[in-house]
Amino acid sequence: MSYLSQLLNLSSRASKTIGKISDSLSNKSFNSESETLSDREFLVDAYRKLLGREVDEDGLKHYIKLLQTSYSRTDVLMTLVQSDEFINKVLKENIKIQNLRELKPNNYYAVEDLLQPNNALVFFVETSDDFDWLEAMILKHGYYEKPGVWGFRIDKDKKVMAEIMSAFHPQRALEIGCANGTILQCLHEMNIHCEGIEISSMAIDKAFPDIKNNIHHGDLLELELSEKYDLIFGLDIFEHLNPNKLHDYLDRIDRILVDGGYLFGNIPAFGDDPIFGTVFPIYIKEWEQDIAQEKPFTLLHVDKDGYPINGHLIWADWHWWVKQFEQHGFQREVEVEKVLHKKYDAYMEKTSIARKSYFVFSKRGEQQKTEAIADRISSRSSKVL
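Oh and the sequence shown: position 130 is 130 in full-length UniProt numbering, straight run, nothing missing.
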């Protein structure tokens, strides 16, 4: 059964689940359990039981503020169970996706995880054709359409990333892999024109009305873009690309980025980078041989169904990544990176350390312009932190 068919079949099941929870919320014994908890304790407990995660800072502040008005705890619980996040959680727990291990069993096996007590399940890339196969399977079986893959809320993280992009003072920006346009919306509210590219129809369906028409549906290599941009950025997107096509994508980016423009990439780069340090440590010993040979990793960490974790097709160290961009004439702007890290690292280390793993490149950049960007980042206080 296809992913979309499963969604249709399970939507009624999700509705029934929500109905049962709604009924329980009106039960006095259910509510009495939380009567002795403070508002903070109540929210921590509610997020853990309903959403299966810790409450985020924005959510905590939002609901505490509501609870101090006329909003009841039952109202909070009803809001949570009717949220996209909860519905996606119910669907995700019931949807079954094609198990790739059944299709290529000889490519899958377990290796030692140097950081965890349990072994890591990996896919062995025997030839470059295996990358093409994985990409085809990810797209065919709707991996990126799975509930829970995308985050559709404008939270503090999105606001911080939008603030970073705004520091480049772009006249026309482009986000590759924009999902439903959370960062596009933030930039729109700053009066910055930004367009996006997204392959997921589900994500675009949930786009913000103000910027929905700014999203191009499709693949960067296949879309016709009539304009050029002075800022192009991709947040957790480059690692999803097929390494066999990476240089085609970088060629395309080079063609649509103006001279003097900037390219920002938030990428899980393994190893000890000279600027941002070690964010993603080497936890599979066999990766060290690939690093020595200056190539992407041939063992991809996968989930129980055989898909690379988070759909990542490129697993590589920081030096390999930088080299790929440099081959297309992009220059790493380490001084801009340094001031960004000085300004935002404390926040990122506390909330999402993966955000620290990023690169800033310029295309035939002007030193004076780059220095002005660095000075602007250093001298202006954040409006988000």
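C-beta: ideal position from N, C-alpha, C; glycine also.
Between the alpha carbons of residue 87 and residue 81 lies a gap of roughly 7 Å. Boundaries for residue 383: no beta strand (DSSP E) harbours it, and the DSSP string shows neither H nor E there. Of the candidates 216, 222, 267, the residue whose Cα lies closest to the Cα of residue 240 is 267. Contact between residue 220 and residue 249 holds, since their C-beta atoms are separated by about 6 Å, short of 8 Å. In the structure shown, the three-state DSSP call for residue 213 is helix. Contact check for residue 328 against residue 230 fails: the beta carbons are separated by 8 Å or more. The Cβ-Cβ distance between residue 184 and residue 166 does not fall below 8 Å. Per DSSP, the unbroken alpha helix (DSSP H) holding residue 336 starts and ends at 334-351.
Residue 36 carries a coil assignment under DSSP once its states are collapsed to helix, strand and coil. Of 121, 260, 355, 176, the smallest CA-CA separation from residue 368 is found for 260. A straight line joining the alpha-carbon of residue 162 with that of residue 194 spans about 11 Å.
Per DSSP, the beta bridge partners of residue 123 are 108, 300. Of the residues assessed, residue 48 falls on the exposed side of the cut-off, its CB having fewer than 16 other CB atoms within 10 angstroms. DSSP places residue 322 in the uninterrupted alpha helix (DSSP H) bounded by 318-326.
Here residue 111 really is in contact with residue 119; their C-beta atoms are around 6 Å apart, less than 8 Å. For residue 55, no alpha helix (DSSP H) segment is defined, and its DSSP state is neither H nor E. Per DSSP, the beta bridge partners of residue 360 are 264.
Counting along the chain, residue 178 sits inside no alpha helix (DSSP H), nor does DSSP assign it H or E at all. Around the beta carbon of residue 375, fewer than 16 other beta carbons lie within 10 angstroms, which makes this residue exposed. Distance from residue 122 to residue 109 at the Cβ level is roughly 7 Å; contact confirmed, criterion being Cβ atoms closer than 8 Å.
Comparing alpha carbon positions, the residue from 235, 343, 37 closest to residue 158 is 235. Exclusion of the five residues before and after residue 192 leaves 166, 170, 173 as the residues of its chain whose Cβ lies within less than 7 Å of its Cβ.
For the set 290, 286, 262, 300, the Cα lying nearest the Cα of residue 364 is the one of 262. In this structure, residue 330 keeps its C-beta atom at 8 Å or more from the C-beta atom of residue 357. Apart from the 5 residues on each side of it in sequence, residue 348 sits with its Cβ closer than 6 Å to the Cβ of 355, 356 in its chain, given in chain order.
Just so you know, the alpha carbons of residue 53 and residue 45 end up roughly 10 Å apart.
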